[in-house]
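Position in the sequence shown (first residue = 1) + 32 = my numbering.
Here a beta-carbon is modelled for each residue, glycine too, at the ideal position from N, C-alpha and C.
Scroll down for the structure; my scribbles are underneath it.
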Amino acid sequence: MNTTEEDMQKWFGNFSAKTFADDICLIIGAWANIGVIKTEEGLVVFDLSNRVYHRRIFNQIRKFSDKQIKYVIYSHGHFDHCFGYASIIKEVNVKGWSMPQIIAHENILNRFEKYRKLDRYHAWINKQQFSSLSNLPKEGVYAHETLDPTIIIHGNNNYEFKLGNFSFELYHDKGETDDSLWMYFPEKEVLFPGELVSNPTFPNVGNPFKVQRYPKQWAIAIEKMLEKDAEYLVPGHGPLIEGKKNVKEALLIRAEVLNFIYDEVVKRLNEGKWFEQIYHEMLEIYPEKFKNHKFLTPSYGCYRFAIHAVYRLFHGWYTTGNPTDLFPAKSNEIAKEYLEINNEEQYLNHAKTLYKEGKSQLALHILDIVIKGSFSGKKTTLLEAYSLKSKILTQKVAEEPSFIAKNILRNGIFELESKMEELQRK
Ligand SMILES: [Zn+2]
Numbered sequence: 033m034n035t036t037e038e039d040m041q042k043w044f045g046n047f048s049a050k051t052f053a054d055d056i057c058l059i060i061g062a063w064a065n066i067g068v069i070k071t072e073e074g075l076v077v078f079d080l081s082n083r084v085y086h087r088r089i090f091n092q093i094r095k096f097s098d099k100q101i102k103y104v105i106y107s108h109g110h111f112d113h114c115f116g117y118a119s120i121i122k123e124v125n126v127k128g129w130s131m132p133q134i135i136a137h138e139n140i141l142n143r144f145e146k147y148r149k150l151d152r153y154h155a156w157i158n159k160q161q162f163s164s165l166s167n168l169p170k171e172g173v174y175a176h177e178t179l180d181p182t183i184i185i186h187g188n189n190n191y192e193f194k195l196g197n198f199s200f201e202l203y204h205d206k207g208e209t210d211d212s213l214w215m216y217f218p219e220k221e222v223l224f225p226g227e228l229v230s231n232p233t234f235p236n237v238g239n240p241f242k243v244q245r246y247p248k249q250w251a252i253a254i255e256k257m258l259e260k261d262a263e264y265l266v267p268g269h270g271p272l273i274e275g276k277k278n279v280k281e282a283l284l285i286r287a288e289v290l291n292f293i294y295d296e297v298v299k300r301l302n303e304g305k306w307f308e309q310i311y312h313e314m315l316e317i318y319p320e321k322f323k324n325h326k327f328l329t330p331s332y333g334c335y336r337f338a339i340h341a342v343y344r345l346f347h348g349w350y351t352t353g354n355p356t357d358l359f360p361a362k363s364n365e366i367a368k369e370y371l372e373i374n375n376e377e378q379y380l381n382h383a384k385t386l387y388k389e390g391k392s393q394l395a396l397h398i399l400d401i402v403i404k405g406s407f408s409g410k411k412t413t414l415l416e417a418y419s420l421k422s423k424i425l426t427q428k429v430a431e432e433p434s435f436i437a438k439n440i441l442r443n444g445i446f447e448l449e450s451k452m453e454e455l456q457r458k
């Protein structure tokens, strides 16, 4: 297993549940993480993962303690953080207990509403982003069945509550989403950042499929967390981070990289540069200290995606500065015109040469002319173009550290495979 795969195994919660902080706290990995705190008067549960894990979560909680769950906090409304409640609710009904208080930020209500409206769309999108998984919930978010909040935190307000002898502090900040809550448990110095920190992956900022994230506010949230000087950090995904030094390092490097990307992209926007130039300059200046930092591995989100996140904050969809791109023709019609100049064999041969020279990205661009332009062209040439593109994408999958990017490349391979089968049947 390579590093990316190991990181992603942990990201998906494939590690043993663990007690810590004098056995007062428990971390359960179940795709996203669940944090549990035991008090004299009952349990506080931070996040509930996705629907398919409800039994695993429940069983682990009950192994840890038989006390009633009094509070559930949602770090944000993503499908992998607040839907694994079925077994917990069943127990409440069987035992005749009162329902736990569910605490969330007010923006989660808009999110749930959006999911109800776009549930099938999100299922389609997630099928692509997580295409390599066999355990992806088929029904999408299934947002018509939500366990809605009973305590709603408005605006930028903080919220504190007490249970047993312990107190809990909740803060709202934007980061991956606009509905984030993070929690601090001062008695045992434990931070629960939700998705604002995943271990060890680079922040999921600039995800190619998803809506705008908040890179600057994300850095500010991390800086606020640093002030707590915590001993433990229960990340949104991945294993527990223990020890003040490690917690500080994991937080500091995140704040630094987010601020770096924000400042450098903003600087280039002010210099009147278009996206292509900004992107390639940013790749060149990426500091060594961030590359594969142990708390910043590019195995889910990555630096290349993050550049888009900052650019999109301030700029619309006309990103090239070339008026040709304002109202472009269809790409297959453009490709056909290229094939009027030189036939598909010549393009294919040129792509092969580029590939041999190690310029595989350029080879992909040239292959697309053959693929898009020659639907009715020679079967053997087209098959060869499909096959070379598939070979290049396969190599890219092997070299690519990001799970999301890997899946996008893999989806392309599957599409090419089915096109090849179809063509061979003709
Ligand atoms: Zn998550």
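Please state whether the Cβ-Cβ distance between isoleucine 56 and tyrosine 103 is less than 9 Å. no
Quick one: grab the DSSP three-state call for asparagine 278. helix
On the criterion of 16 or more Cβ atoms from any shown chain inside 10 Å, does arginine 88 qualify as buried, or is it exposed? buried
Just verifying my parser: in three-state terms, what is the DSSP assignment at phenylalanine 446? helix
Go through the residues and name those whose CB comes closer than 7 Å to any heavy atom of ligand 1, in chain order. Ala64, His110, Asp112, His113, Glu227, Gly268, His269
Beta-carbon proximity of histidine 340 to glycine 238, cut-off 9 Å: yes
Return yes when the Cβ of isoleucine 254 is within less than 9 Å of the Cβ of proline 218, no when it is not. no
Once DSSP output is grouped into helix, strand and coil, what is the label at tryptophan 129? coil
Could you check where the beta strand (DSSP E) with leucine 223 kicks off and where it finishes? 222 to 226
Where does leucine 213 sit, in a helix, a strand or coil, going by DSSP? strand
Are asparagine 291 and proline 267 touching if we call contact CB-CB under 9 Å? no
Quick one: grab the DSSP three-state call for isoleucine 101. strand
Once you ignore the five residues that flank lysine 428 on each side, which residues in its own chain have a CB closer than 8 Å to its CB? Ser392, Leu441
Quick one: residues in its chain with C-beta nearer than 8 Å to the C-beta of phenylalanine 144, no 5 flanking neighbours on either side, listed in chain order? Gly109, Ala175, Thr178, Asp180
Per-residue DSSP class, three states only, for isoleucine 56: coil
So, is proline 330 buried or exposed, given that buried needs 16 or more other C-beta atoms within 10 angstroms? buried
Comparing C-alpha positions only, which one of Ile285, Leu202, Pro240 sits nearest to isoleucine 184? Leu202
Give the range of the beta strand (DSSP E) segment to which phenylalanine 198 is assigned. 198 to 204
Cα-Cα separation between leucine 371 and tyrosine 350, rounded to whole angstroms: 27 Å
For threonine 36, count neighbouring C-beta atoms within 10 Å of its own C-beta (all shown protein chains included) and say buried if the count is 16 or more, exposed if not. buried
Taking leucine 425 as the reference, give the member of His186, Leu394, Thr413, Trp214 with the closest Cα. Leu394
For lysine 421 and glycine 67, I'd like the C-alpha separation in whole angstroms. 45 Å
Determine, using beta carbons only, whether phenylalanine 346 and valine 298 come nearer to each other than 9 Å. yes
If contacts are defined as beta-carbon pairs under 8 Å, then aspartate 210 and asparagine 139 qualify, I think. What distance do you get, rounded to the angstrom? 5 Å
With DSSP run on the structure shown, which of helix, strand or coil describes isoleucine 329? Per the sequence shown, the amino acid found at residue 329 is threonine instead of isoleucine. Note: threonine 329 maps to strand in three-state DSSP.
Isoleucine 285 and histidine 312: beta carbons closer than 9 Å? no
Thinking C-beta only, is valine 77 closer than 9 Å to isoleucine 59? no
C-alpha distance - leucine 386 paired with glutamate 377, whole-angstrom precision: 14 Å
With DSSP as the reference, identify every bridge partner of threonine 51, one or two as the case may be. Leu58
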